[in-house]
Each structure stands twice: as C-alpha cells, then as structure tokens.
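What follows is a single structure, written as structure tokens, with notes after it.
In full-length UniProt numbering, the protein residues as written are 1 to 504.
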C-alpha cells in the first residue's frame with residue numbers, strides 16, 4: 001500500500017474541525033513534504049516523526065513522502081498531527097496493516113524524538129466532536145483525564161508510539177479510559193457570611209446572581225467592594241452539562257485546568273488594570289481566548305475600573321450585548337463565547353474619599369469629574385446595578401462575629417428565581433429583549449406612568465430603560481410575583497442610583 005488515510009482534528013477557536021491526513025509514497029529522491037496550509041510547528045513534525053519512528057525501531061521509508069492535511073484551506077498549527085502522520089507513514093510503507101475500525105478511529109498527539117506521545121491543547125473539543133461523529137479517539141496519557149469528560153466518546157490513552165502500534169495490530173489491546181480516572185472535587189469559594197454589614201450591597205449581589213445582571217460598586221478604599229465581588233460566583237447555581245463542556249472547552253484551548261468547569265464551578269476572572277485590549281477580548285496571530293471568554297458563564301471582575309485605559313474598556317461594549325467575541329484575522333475568523341457577568345469596582349475620586357461624610361477628600365471638582373468621566377456613558381448604560389458602598393463605621397467593623405446569611409442559603413433563592421425564568425421564558429432575564437421584554441415585564445398604568453416620569457426627568461436611554469425593566473423583573477421573581485409592580489420598579493431605580501427621581 002502506498003496511500004494511507006488517518007483521521008484527526010484541528011483546533012479553530014473552541015471548534016475541532018475534522019482533518020484527514022493522507023500519506024502517499026512514490027518513487028524519486030528521498031524527501032518528505034507536508035501540504036495543506038501547515039504552520040511552522042506542523043512543518044517541523046517531519047523531523048520529530050522521522051526520529052520517533054527510527055528510535056522506536058521502525059524503518060523510515062527512503063522514498064518520496066507526500067503528506068496532505070485536508071481540507072487544504074484550513075490553517076493547521078501545533079504538533080497535534082504528529083501521531084496521525086507517523087501511523088500514516090507506517091501504513092503506507094506496509095509496516096502496519098490496516099486494522100478493523102480504522103475509519104472509526106481518530107488520533108491526536110505530539111511525538112517526542114524517543115517516540116513518547118506528548119499532550120496537546122484543545123483535546124476536549126476534539127473528543128466531543130469525535131463522539132458526535134461516532135468515532136473513538138486516541139490521545140496521550142496526560143490528555144486522557146480531559147478527553148473522557150466528553151462522556152460519550154470512547155477514549156484510548158497511549159504513552160508511546162509502540163503502545164499504539166501494539167493496540168492497532170491487536171497484540172496488546174488497550175482498555176478504554178474510564179471517566180472515574182478524571183478529576184477530584186474542587187473546593188468551595190468564599191462565603192457571603194464572612195461579609196459584615198453592607199446589607200444593600202448583599203442584596204445587590206443576590207439580584208445580580210438571580211438575573212445575570214452586571215454590577216458596579218463605588219465606594220471608598222476598604223469598604224469591601226472586592227470582598228463582595230469575590231462572593232458572587234458562590235451565589236450562582238452550578239453549570240449545567242452543556243455549559244460545563246463549553247466552559248471546559250475554552251479552558252482546554254487556553255491550556256488551563258478544566259477540572260473546575262467540569263464540576264460545575266463558575267469562573268471568576270480578575271485581570272489587572274494594566275491588561276491590554278487583546279488580553280481582555282483575545283487575539284494574537286493564532287487567536288486565543290481572552291479574559292472575557294475565560295469568564296464565560298462566570299464573573300469578570302474589574303477592580304479600580306477608571307484605572308483601565310478607556311480604549312480597553314470600550315472593547316467590552318459589544319460582548320456585553322452579544323455574549324460572544326469574533327476575532328478576525330487575514331486568513332480566518334475565530335469566534336469565542338463570552339457570556340459573562342461584569343462586576344466592577346471603583347473609588348468615587350482619585351483619593352477615594354469623596355462624599356464619604358468626612359473632610360478627608362483632597363481632590364478638586366475638576367479632578368473628580370475627569371476621574372469619573374474615564375468611564376463612558378455607553379458602558380455605564382450596560383451596567384444594570386450601580387451601587388454606592390459606604391465604609392463600615394468602626395463599631396460595626398469591630399463588633400463580635402454575627403454571621404449573616406450564608407452563600408448556600410442565598411443560592412437557594414437564586415436557584416428558585418432561575419427556575420422561574422427558565423420555565424416562563426426559556427432564558428435569563430438579562431437576555432430578554434423585543435417582544436419578550438414587553439410580554440414578561442408588562443407594567444400596569446400607575447407603574448408605567450412612574451417610569452415615564454423617571455425617564456423624562458433623568459433622560460434615561462432606551463437601553464438603560466430596558467435594563468431597568470429586566471432588574472425589576474428579577475426582583476419580582478425573587479419575591480415570587482407574577483407581574484412587575486411599583487415596589488420592584490422603585491427598588492430597581494434605587495439600584496441604579498435613581499431613588500429620588502420618581503417625583504411628580
């Protein structure tokens with residue numbers, strides 16, 4: 001046989017498109033060429049595969065070897081094709097006979113010069129895609145625990161090329177990797193019971209968790225803004241199965257630990273304010289997921305919000321609306337999901353003590369205005385809850401422990417609100433729009449008149465009005481109410497800093 005075909009998977013965002021490795025041997029001067037839009041790391045597989053085959057005791061064919069990675073218009077990168085190329089050469093040269101079920105087998109792995117099989121990134125999306133195609137997947141030992149998280153895919157793990165050949169020839173068959181080999185449970189996050197006082201901020205966290213709303217805390221240093229934000233993931237219900245796989249796929253592509261996502265744990269990402277726009281949204285010559293995608297179905301916390309460059313903050317506007325980010329390059333486009341909850345914290349002025357009831361603030365009105373204007377109006381429009389967090393008085397801070405409600409208890413109410421939303425409309429309140437918003441956030445005449453007065457007085461934008469209605473709908477869900485009433489609307493106004501705007 002001078003032609004062999006092996007199946008494998010590429011990596012394109014969190015997708016794993018099928019790739020066919022075609023190996024052809026012909027007469028002519030000994031050479032080895034790889035075609036099909038390979039990147040540098042793929043071209044270098046020639047030397048890795050040659051050395052691995054010779055070290056493992058196989059003959060490297062002294063013929064003209066042509067390797068085609070199809071489809072030819074899909075860019076190929078990394079060393080993930082090494083294993084498929086090596087097996088293809090063995091098949092084409094007759095050193096390995098075609099095995100039963102070869103068409104239903106895919107393989108991914110990088111080869112060391114010794115013939116050892118090394119792990120690669122992005123195995124979980126490949127395992128999911130292989131299972132959907134009805135094929136088994138062969139991976140490196142170090143990728144096995146991740147690959148079996150695809151659940152319905154038969155996974156075999158190999159540590160060396162010789163093990164793979166023995167398995168394919170039937171001399172020493174490998175047993176499928178079991179899911180029980182995968183992971184150990186992760187620890188619980190910080191508890192809301194540790195927070196002293198701040199009843200309104202705790203309530204805002206509950207509302208944000210119940211409806212998936214974005215949240216901004218403003219207050220002096222040490223008032224507990226970061227402490228409160230870190231407890232939001234603990235109020236959210238665990239990820240569902242499809243969400244787990246999607247979040248774990250992003251972690252896999254980024255080279256991060258997939259275990260927390262596969263146990264339903266929501267991510268909490270807190271990039272430093274020196275992060276670039278690419279670090280937030282993703283990018284690079286080979287587009288990688290950024291912080292907003294790593295926070296998918298979780299929380300993105302931006303501390304010291306005005307300290308971020310304005311152009312960096314502005315890139316968040318579109319993902320906050322669409323729940324995804326499209327990274328365009330000359331050769332391709334890569335789409336990553338980015339449905340996250342934004343939680344931000346800021347000081348009211350450069351020194352941090354403006355309007356805190358003391359005379360400590362040393363900032364001029366012009367400095368305060370410039371500081372606050374670092375955050376654009378369109379971005380603020382997309383933040384549903386905007387809350388002042390005052391510093392605790394000393395007597396409250398030093399009072400002996402009197403724990404408040406725990407995260408577990410608040411989570412029960414949040415889960416109940418989630419259930420109401422999904423049963424009623426099939427999505428979270430933050431995703432309501434168009435006719436659904438009119439249908440599920442309908443107001444009676446008196447409540448509608450109140451909202452009209454507020455909009456005229458404060459000149460609220462249409463987007464801000466819709467977000468106000470979504471928050472009111474969440475408050476009604478937490479209260480178990482079928483309709484949004486004046487009580488919920490007034491509380492939603494208070495959470496947006498408009499408590500005094502309901503005058504006649």
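Where is the CB? At the ideal position from N, CA and C, for every residue including glycine.
On a predicted model such as this, the values are computed, not experimentally measured, just so you know.
Straight-line spacing of the CA atoms in residue 417 and residue 210 works out to 6 Å. For residue 127, the uninterrupted alpha helix (DSSP H) segment begins and ends at 123-132. In its chain, beyond the 5 residues on either side, 312 have a beta carbon closer than 8 Å to the beta carbon of residue 276. The DSSP assignment places 215-218 as complete runs of the beta strand (DSSP E) inside the stretch 175-231, in order along the chain (cut-off: 3 residues). According to DSSP, residue pairing for residue 76 in a beta bridge involves 38. Under the three-pair Cβ rule at 8 Å, the stretch 129-136 counts as touching the stretch 96-108. Between the stretch 217-228 and the stretch 431-441 there are fewer than three C-beta pairs closer than 8 Å, too few to call the two in contact. Residue 159 is positioned such that its CB atom lies no closer than 8 Å to that of residue 123. In its chain, beyond the 5 residues on either side, 477 have a beta carbon closer than 7 Å to the beta carbon of residue 420. In this structure, residue 316 sits near residue 280, with a CB-CB distance shorter than 8 Å. Shortest Cα-Cα distance from residue 35 to any of 23, 175, 489 involves 23. In the displayed model, residue 371 falls within a helix according to three-state DSSP.
Going by C-alpha positions, residue 252 is about 19 Å away from residue 177.
Restricting attention to 301, 325, 306, 143, the CA atom closest to the CA of residue 290 is found in 325.
For residue 149, no beta strand (DSSP E) encloses it, and the DSSP letter there is neither H nor E. Excluding its 5 nearest sequence neighbours in each direction, residue 120 has C-beta neighbours in its own chain below 8 Å: 78, 79, 80, 108, 109, 110, 140, 143, listed in chain order. Cβ contact annotation for residue 301 (same chain, cutoff 6 Å, sequence separation greater than five): 229, 270, 343, in chain order. Each residue's CA atom was taken as its position, placing residue 155 and residue 234 some 33 Å apart.
Between residue 387 and residue 200, the C-beta spacing is below 8 Å.
For residue 449, the uninterrupted alpha helix (DSSP H) segment begins and ends at 445-458. Of the residues assessed, residue 452 falls on the exposed side of the cut-off, its CB having fewer than 16 other CB atoms within 10 angstroms. Restricting attention to 49, 12, 29, 82, the CA atom closest to the CA of residue 63 is found in 29. A distance below 7 Å between beta-carbons, with the five flanking residues on each side excluded, links residue 355 to the following residues of its chain, in chain order: 348.
Your pair residue 239 and residue 261 checks out as a contact, with CB atoms roughly 7 Å apart and the cut at 8 Å.
Around the Cβ of residue 125, a 10 Å sphere holds 16 or more other Cβ atoms; the residue is buried. Counting along the chain, no beta strand (DSSP E) covers residue 423; the unbroken alpha helix (DSSP H) around it starts and ends at 407-425. Assignment of residue 30 by DSSP, reduced to helix, strand and coil, places it in the coil class. Apart from the 5 residues on each side of it in sequence, residue 115 sits with its Cβ closer than 7 Å to the Cβ of 52, 55, 56, 160, 161, 162 in its chain, given in chain order. Nearest to residue 255 by alpha-carbon distance, out of 483, 381, 146, is 146. Rounded to the nearest whole angstrom, the CA to CA distance from residue 194 to residue 442 is 38 Å. Between the alpha carbons of residue 494 and residue 390 lies a gap of roughly 15 Å.
Between the stretch 59-75 and the stretch 13-20, the count of C-beta pairs closer than 8 Å reaches three or more; the two stretches touch. Annotated as distal: residue 283 and residue 250, with beta-carbon spacing of 8 Å or more. Residue 51: member of the alpha helix (DSSP H) spanning 45-55, first to last residue. Membership of residue 87 in the alpha helix (DSSP H) is indicated by the continuous run 82-92.
In the DSSP assignment, residue 341 is bridged to 299.
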